[in-house]
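**Q**
In the working numbering, the protein residues as written are 395 to 746.
1) Can you tell me whether DSSP reads residue 678 as helix, strand or coil?
2) I'd like to know whether the C-beta atoms of residue 668 and residue 689 end up nearer to each other than 8 Å.
3) Taking all protein chains shown into account, decide if residue 597 is buried (16 or more other Cβ within 10 angstroms of its Cβ) or exposed.
4) Can the beta-carbon of residue 684 be found closer than 8 Å to that of residue 712?
5) Do the region 725 to 744 and the region 649 to 658 touch if we need at least three Cβ pairs shorter than 8 Å?
6) At 3 residues or longer, what runs of the beta strand (DSSP E) sit wholly inside the region 547 to 596?
7) Whole alpha helix (DSSP H) runs in the region 617 to 684 with 4 or more residues, listed along the chain?
8) Given a cut-off of 8 Å, decide if residue 531 and residue 593 are closer than it, judged by their beta-carbon atoms.
9) Is residue 500 helix, strand or coil by DSSP?
10) From residue 544 to residue 630, what does the alpha carbon distance come to, in whole angstroms?
11) Alpha carbon to alpha carbon, what distance is there between residue 676 and residue 686?
12) May I ask which residues mark the beginning and end of the alpha helix (DSSP H) holding residue 699?
13) Rounded C-beta distance between residue 497 and residue 540? I'm assuming under 8 Å.
14) My output table needs one value for residue 740: the three-state DSSP class, helix, strand or coil.
15) Measuring alpha carbon to alpha carbon, tell me which of 662, 536 and 548 ends up nearest residue 734.
16) Work out the CA separation of residue 632 and residue 640 for me, nearest whole Å.
17) Please report the straight-line C-alpha distance between residue 526 and residue 715, rounded to a whole angstrom.
18) Closest to residue 664 by CA distance: which of 548, 693 and 647 is it?
19) Output yes or no for whether 8 Å exceeds the beta carbon distance between residue 573 and residue 579.
20) Please say whether residue 719 and residue 732 have beta carbons closer to each other than 8 Å?
21) Quick one, are the C-beta atoms of residue 729 and residue 717 less than 8 Å apart?
22) Is residue 726 helix, strand or coil by DSSP?
23) List the endpoints of the continuous beta strand (DSSP E) containing residue 721.
24) Please identify the residue among 706, 528, 588 and 567 whose C-alpha is closest to the C-alpha of residue 551.
25) Could you tell me if residue 538 is buried or exposed, where buried requires 16 or more neighbouring beta carbons within 10 angstroms of its beta carbon?
26) Residue 480 and residue 568 look like a contact to me (Cβ under 8 Å); what is the Cβ gap, rounded to whole Å?
27) From residue 681 to residue 488, what distance separates their C-alpha atoms?
28) Could you tell me the distance, in whole angstroms, from the CA atom of residue 745 to the CA atom of residue 698?
29) Have a look at 652, 499 and 566 and flag the residue whose alpha-carbon is nearest the alpha-carbon of residue 590.
30) Is residue 736 near residue 670, with beta carbons less than 8 Å apart?
31) Residue 648: which of 706, 636 and 491 sits nearest, CA to CA?
32) Looking only at C-alpha atoms, which of 679, 727, 653 and 601 sits nearest to residue 645?
33) So, is residue 351 buried or exposed, given that buried needs 16 or more other C-beta atoms within 10 angstroms?
34) Could you check where the beta strand (DSSP E) with residue 735 kicks off and where it finishes?
35) Residue 708 bridges to which residues according to DSSP?
36) Which first and last residues belong to the beta strand (DSSP E) in which residue 533 is found?
Quick look at the structure:
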């Protein structure tokens, strides 16, 4: 596909090429609100009650047949769009190709956050004598399980126990079917929990499906929902599909243990990201299907950082961000300073 990229561009009509070039040079003010007029994406919507706020994951779905997603509404358009992609989720050359290519960088960023938390010390991969600690992951909007499976296999410095949650029945079925191909994933970790399991549910209703015996519930008020907590909660390519990110992020944060991390990736709302992710990736190169992204839902890293600053549970000093750029024929590369114009990773740590 990469070798055909130049010819695909040259085959475009001259008028289209000129329009694309002109569009890429459009001033940012034509697309993006200035900081004097902040976006409403990361503020709590007051004109819709919590149970009507939309929850849509990277798979684009919002509810499922075996989950009681009373706190989530259905986006039928996204459900239809992403359900159609379920069968090709594990095709490394299919519609999820860019997610497969990005996955190693996800782990690199997580390791960087954990290393920063440990004061810069690295963990020896040859230290087999010590007891490995349990590390619980919650992968929200897990889709077909690209990240969840890889996290369940990374047992060098810990005993991973991974739960992938997604409200789309079709992609969860794909994830479960693919996991059954490797008996190791279906076994138990040395810490005694399942290495990998998938739950067909919206994250708002996770407590109805999973509870950890070692997490006491005595401090929870009577009638309050169960909030199983994890060392790492991930949101990879998710929040750009969320209509009201602020309450969604708050829900995800409630599942992070004190001292744990909320880590994700998304796309900055900038003219360049419109050009690369909408015009080029969807319309010209067809790297992803049309309609995968809504540019108006993209979130600038400074907006996320300001949200972090408003949360008493989070430490602003532990905010992490890293821009990444897709280079055709090469893959995803970390590019410092690019987080404001395209794809980026973000990480926030919950106070202990």
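Just so you know, even glycine gets a beta-carbon here, dropped at the ideal spot from N, CA and C.
**A** Concretely, from the data shown:
1) helix
2) yes
3) buried
4) no
5) yes
6) 553 to 560 and 590 to 594
7) 639 to 647
8) no
9) helix
10) 13 Å
11) 8 Å
12) 695 to 703
13) 6 Å
14) strand
15) 662
16) 13 Å
17) 28 Å
18) 693
19) yes
20) yes
21) yes
22) strand
23) 714 to 721
24) 528
25) buried
26) 5 Å
27) 8 Å
28) 17 Å
29) 566
30) yes
31) 706
32) 601
33) Look at the range of the chain in this structure, 395 to 746, and you will see that residue 351 is not part of it.
34) Note, residue 735: premise wrong, no beta strand (DSSP E); not H, not E.
35) 744
36) 528 to 534
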